[in-house]
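K.L.:
Encoded as structure tokens, here's the structure I'll be asking about.
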Amino acid sequence: MKNIKAVIFDFIGTLTNVRNYSLEDSKMKLYRSIVEAGFDVDAANFLDAYRKAHEKYRIIRYQHLKEVTNAVWISEALNLLGFKTVPEDPRIKTAVNIFFEDYLNSLELRPCVKKMLKEFSTKYKLGLVSNFTYAPVIYASLRKLGISQFFNAVLVSDDVGWRKPNIKIFEEALKRVGALAKETIYVGDSPEEDIKGAKMVGMRTVFIPSQFYSLENLQESSQKPDLITEDICTFRKQFYEKFIG
């Protein structure tokens with residue numbers, strides 16, 4: 379099993395933790411940005427319209443596995459309130475950036491991640507595949523955390539248009555790292571999005587529990603990864619034992 383040419387990782391949960399983040403605070407910052415941009419609407423009405431638009435596109439995102447960026451449902455929320463906007467409106471882009479400020483600052487590397495990536499990058503092509511509605515957050519986070527230089531390919535659902543576990547995003551990842559599925563190991567924390575999706579294209583898979591998904595979640599999912607590891611710190615040794623021999 380020494381024919382490994384690439385290792386592809388999930389990002390949030392697998393390589394990073396989210397600490398001290400409040401979604402409600404971010405929504406209020408979004409609302410204040412909208413008001414400051416000149417939209418005269420009270421908080422309760424805007425947040426209700428935002429919720430309705432978000433739920434509408436959540437169905438598309440999770441059932442049809444097509445990504446929809448935040449600007450789309452923010453624009454729709456405003457239109458529901460009688461305004462005429464488009465997602466490309468620069469005021470909406472500014473609001474999206476403000477909305478994600480706290481989230482970006484909440485991301486931190488899990489223990490041993492940087493050391494592992496540095497070592498692996500000298501031996502394998504490395505890729506990253508993330509389900510995220512606003513790609514600039516992922517790119518900025520990789521730079522801020524000091525790990526962007528280790529990846530040969532970074533795919534975000536916002537850019538690709540498809541969400542994991544849709545096989546199209548995994549196929550594109552393999553294409554960009556320049557490896558066949560049988561030559562690639564995929565590492566993730568979501569039984570459905572990561573393990574199921576990667577297995578469907580023929581990659582061998584590694585499950586790492588996170589703050590979002592536990593071993594119990596994996597068992598309930600009926601997914602069978604090739605390797606279950608405790609964390610990134612133990613992953614390195616188990617990787618060589620399991621896949622390199």
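If you're matching positions, the sequence shown starts at 379 in the working numbering and goes up one per residue.
No residue lacks a Cβ here, since even glycine has one placed at the ideal position from N, Cα and C.
1. Apart from the five residues on each side of it in sequence, which residues of its chain come closer than 6 Å, Cβ to Cβ, to Y428?
2. I need the straight-line Cα distance from I412 to S519, nearest angstrom please.
3. Please look up how many angstroms separate the CB atoms of K560 and F477, rounded, as I've assumed it's under 8 Å.
4. Going along the chain, which unbroken runs of the beta strand (DSSP E) with 3 or more residues stay wholly within the region 534–601?
5. Counting C-beta neighbours from all protein chains within 10 Å, is the total for K624 16 or more, i.e. buried, or is it exposed?
6. Roughly how many angstroms lie between the CA atoms of F529 and K444, to the nearest whole one?
7. Between E497 and T394, is the Cβ-Cβ spacing less than 8 Å?
8. So who's on the other strand from N483, going by DSSP bridges?
9. By DSSP's criteria, G505 is part of a beta bridge. Which residues make up the other side?
10. Run through DSSP, which three-state label would N381 get?
11. Among V507, I525, E570, which residue has its Cα nearest to the Cα of S499?
12. Can you name the start and end residues of the beta strand (DSSP E) that N395 belongs to?
13. Report buried or exposed for M379, applying the criterion of at least 16 other Cβ atoms within 10 angstroms of its Cβ.
14. Go through its chain and collect everything with a Cβ distance to N457's Cβ below 7 Å, but skip five positions before and after it.
15. How many angstroms separate the CA atom of K574 from the CA atom of A531?
16. Can at least three beta-carbon pairs, one atom from the region 430–443 and one from the region 534–552, be found at a separation below 8 Å?
17. Would you mind sorting F617 into buried or exposed? The rule is 16 or more other CB atoms within 10 Å of its CB.
18. DSSP three-state label for K407, please.
19. So R397 and S484 are supposed to be a Cβ contact under 8 Å. How far apart are they, rounded?
20. Considering Cα atoms alone, identify which of G460, L459, N475, S453 is closest to E466.
21. Which same chain residues end up closer than 6 Å to L495 when comparing Cβ atoms and leaving out the 5 residues on each side of it in sequence?
22. Let me know the secondary structure DSSP gives I476 once reduced to three states.
23. Judging by CA-CA distance, which residue of L482, L596, L605 is the nearest neighbour of S400?
P.N.:
Judging by the given coordinates:
1. A455
2. 24 Å
3. 41 Å between Cβ atoms; not a contact.
4. 562–566, 582–585
5. Shown here, the chain extends from 379 to 623; a query on residue 624 therefore has no answer.
6. 24 Å
7. no
8. Beta-bridge pairing links N483 to no other residue.
9. I386, A531
10. coil
11. I525
12. 394–396
13. Model confidence at M379 stands at a pLDDT of 46, short of 50, so the residue's coordinates are unreliable; what they give is reported in the following sentence. With fewer than 16 other Cβ atoms within 10 Å, it is exposed.
14. T463
15. 21 Å
16. yes
17. buried
18. helix
19. 5 Å
20. S453
21. I525, F528
22. helix
23. L482
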